[in-house]
Amino acid sequence: MQIVPKFGLSAAWQGLIGASALIGMLFGGVVFGFLTDRFGRQAMYTVDLLLIIATSVAQYFIEGALALFVLRLLTGIAVGADYPIATSLLAEFMPRRYRGPMLGAMIAVWFLGATVAYLVGIALQALGSVFK
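Numbering-wise, the sequence shown is residues 37 to 168 according to our numbering.
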């Protein structure tokens, strides 16, 4: 974690911050699943995407470990909500003939996106040392 020296994070904080998005994903699917049934898929999908954007951008401005933990937890909740909402929206509006292949492709793209995000992080870390 590149932020460890900046904030002087203990091992406990490193673990909490590292696990916060996964913890959030656990709750996001459950909570947003209920809310999606109540308020509709399209409305909750919009809320979900706005929450992902807002919490991701807000992480740039944090000043401490607690704020980072909370924002990553909220991002995880939104990502956890995205899985069931997006798949149900796709299944609802996709013609039956393409539904299976598109759902499979969507799940594969989620994993591809996670891999690309990791690689972008490595590239940004390398670029950071160039600009110091």
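Just so it is clear, CB atoms sit at the ideal spot from N, CA and C, and this is done for glycine as well.
Which residue wins for smallest C-alpha separation from residue i, given the options the options?
| i | options | result |
| --- | --- | --- |
| V67 | I113, S46, Q78, L163 | I113 |
| I59 | F147, I121, L125, A117 | A117 |
| L102 | Q50, V83, F75, W146 | Q50 |
Mind checking which residues open and close the alpha helix (DSSP H) that includes residue i?
| i | result |
| --- | --- |
| Q78 | 77 to 94 |
| I121 | 101 to 129 |
| F43 | 40 to 43 |
Check this for me: beta carbons of residue i and residue j, under 8 Å apart or not?
| i | j | result |
| --- | --- | --- |
| T72 | M80 | yes |
| V115 | A57 | yes |
| R77 | I143 | no |
| L126 | L139 | yes |
| L104 | Q95 | yes |
| G136 | F43 | no |
Less than 8 Å between the CB atoms is what I'm expecting for residue i and residue j, so what's the real figure, rounded?
| i | j | result |
| --- | --- | --- |
| I65 | Y134 | It should be pointed out that residue 65 corresponds to Gly in this sequence rather than to Ile. G65 to Y134, Cβ: 25 Å. No contact. |
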